[in-house]
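151 is the number of the first residue of the sequence shown in this note's numbering; add one for each residue after it.
Take a look at the structure below.
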Amino acid sequence: MERVDGVIDAVSGYANGDTANPSYEQVIRGSGHAETVKVTYDADKTDLDTILKYYFRVVDPTSLNKQGNDRGVQYRSGVYYTDKEDKAVIDAALKRVQSKYEQKVVVENEPLDNFYLAEMYHQDYLAKNPNGYCHIDLSLADDKPEGAARTKLAPVETIAETLDPKRYAKFDKDALKNTLTKAQYNITQEAGTERAFSHEYDDLFAPGIYVDVVSGEPLFLSTDKYQSGCGWPSFTKPIDMQVITQHQDTAFNMVRTEVRSRVADSHLGHVFSDGPKDRGGLRYCINGGALQFIPVDVMPQSGYAPLVKLVKS
């Protein structure tokens with residue numbers, strides 16, 4: 151966690167147990183605590199949802215009371231919050247993770263009742279023991295997860311204000327190689343295409359909005375998403391026709407209509423005329439890597455509150 155951009159500190163400890171100031175020996179003998187890492191981060195550089203994406207890279211969320219070869223209630227997986235508003239963010243992250251597994255995700259989402267620092271020999275363990283037990287791949291912290299945090303949006307009150315292009319112009323085009331994953335960069339900046347059926351958004355139908363992964367500009371509503379069977383996220387229309395631009399694409403000896411985002415000019419995908427007839431007849435075939443999904447419960451604190459009514463309608 152200390153390698154993640156925006157994280158200030160990460161310390162080891164014991165959380166939500168029955169004994170005050172437990173020792174490691176008490177924890178492994180059944181004090182009820184979970185072996186935990188307290189993460190402090192700069193909210194101007196990252197956010198909880200991004201940190202959770204890093205977290206889920208290194209744990210098995212379907213593993214009950216164990217991780218790797220370790221067994222016991224102290225090895226349960228959980229996220230313990232100090233701000234009750236974080237519960238909705240964690241819930242949304244868990245739903246996203248559950249969509250990738252057939253087995254039940256068993257990660258706890260609970261308020262932090264207590265936390266006690268672990269002994270000094272547990273702190274910075276891998277720095278002190280480079281070849282230590284249960285060494286995870288630290289390079290997983292070096293590549294930003296999809297939908298990594300951008301500049302925080304100021305609250306607005308109307309749909310028109312939410313869709314105002316001026317809100318989304320503050321991104322550094324020159325820094326995109328550092329802020330996007332390789333796949334996101336290839337798609338949005340080099341007009342690449344992800345493999346069919348390869349992106350999690352193809353089968354995601356939770357309520358929320360889909361925004362440009364580069365700028366955060368709202369592009370599509372979950373209510374306009376449908377299962378086309380083509381292998382890419384498909385929508386019957388954008389949230390507003392003004393948020394996209396369309397261009398003739400003659401690559402690969404084909405004539406297609408390319409769809410790009412208005413503000414960031416990100417390549418999104420193509421639009422075809424084989425969509426549902428009763429919903430306009432169009433199919434916006436969009437690369438999942440060009441999008442970030444914002445769950446409806448997270449939209450208000452993410453700066454998209456006025457659009458909640460569109461999702462719920």
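Just so you know, even glycine gets a beta-carbon here, dropped at the ideal spot from N, CA and C.
Since the model is a prediction, treat every value here as computed from it, not as a measurement.
Proximity winner among the options, relative to residue i (alpha-carbon distances)
i	options	result
residue 316	306, 220 and 334	306
residue 400	279, 201, 189 and 420	420
residue 405	396, 347, 205 and 411	396
residue 276	381, 432 and 152	152
residue 432	416, 451, 376 and 398	376
residue 437	383, 426 and 430	383
residue 249	398, 365, 447 and 351	351
residue 222	180, 428, 407 and 439	180
residue 174	251, 226, 267 and 214	267
residue 461	357, 380 and 454	357
residue 235	197, 364 and 156	197
residue 344	210, 318 and 441	441
residue 378	177, 187 and 424	424
residue 347	338, 391 and 380	380
residue 288	443, 154, 331 and 195	154
residue 361	445, 218 and 217	445
residue 286	329, 402, 206 and 418	206
residue 252	311, 191, 326 and 213	213
residue 242	218, 270 and 202	202
residue 227	204, 219, 200 and 256	256
residue 274	422, 415, 215 and 162	162
residue 264	349, 184 and 453	184
residue 194	447, 324 and 302	302
residue 176	388, 363 and 269	269
Residue range of the alpha helix (DSSP H) that includes residue i
i	result
residue 202	198–205
residue 340	332–340
residue 246	236–248
residue 413	Note, residue 413: premise wrong, no alpha helix (DSSP H); not H, not E.
residue 267	Not the alpha helix (DSSP H): residue 267 falls in the beta strand (DSSP E), residues 265–267.
residue 440	Residue 440 -> no alpha helix (DSSP H), and no H or E assigned at all.
residue 154	Unbroken run through residue 154: none, as it is neither H nor E.
residue 286	Element bounds for residue 286: n/a, residue is neither H nor E.
residue 174	174–178
Residue i in three-state terms, based on DSSP
i	result
residue 212	coil
residue 256	coil
residue 183	coil
residue 446	coil
residue 368	strand
residue 189	strand
residue 375	strand
residue 397	strand
residue 329	helix
residue 407	strand
residue 421	strand
residue 274	coil
residue 230	strand
residue 221	strand
residue 261	strand
residue 385	strand
residue 462	helix
residue 344	coil
residue 251	coil
residue 426	coil
residue 291	helix
residue 303	coil
residue 354	coil
Whole-number beta carbon distance between residue j and residue i, since they are thought to touch under 8 Å
i	j	result
residue 386	residue 450	Contact flag wrong, Cβ pair sits at about 25 Å.
residue 160	residue 262	Residue 160 to residue 262, Cβ: 15 Å. No contact.
residue 354	residue 411	19 Å between Cβ atoms; not a contact.
residue 189	residue 239	Not a contact, Cβ separation roughly 14 Å.
residue 367	residue 409	Their Cβ separation, rounded to whole angstroms, is 13 Å, which puts residue 367 and residue 409 out of contact at 8 Å.
residue 211	residue 187	Between residue 187 and residue 211 the Cβ distance is about 16 Å, and since that is not below 8 Å, they are no contact.
residue 172	residue 309	At roughly 51 Å, the Cβ-Cβ gap does not stay under 8 Å, so residue 172 and residue 309 are not in contact.
residue 413	residue 319	6 Å
residue 224	residue 178	6 Å
residue 208	residue 290	6 Å
residue 338	residue 417	6 Å
residue 168	residue 182	4 Å
Unbroken beta strand (DSSP E) run spanning residue i, endpoints
i	result
residue 434	433–436
residue 164	157–165
residue 318	Neither: residue 318 is in no beta strand (DSSP E) and is coded neither H nor E.
residue 359	358–362
Any non-hydrogen atom of the ligand ADP within 7 Å of residue i CB
i	result
residue 441	Inclusion of the ligand ADP in the displayed structure is not the case, the ligand content being empty and no account of it being possible.
8 Å Cβ cutoff, residue i in contact with chain B
i	result
residue 266	Checking the listed chains, one finds no chain B in this structure; it contains a single protein chain.
| request: Could you say if the region 361–379 and the region 434–449 meet the contact criterion of at least three C-beta pairs nearer than 8 Å? | output: yes
| request: Report yes or no: do the region 252–262 and the region 218–235 share at least 3 C-beta pairs separated by less than 8 Å? | output: yes
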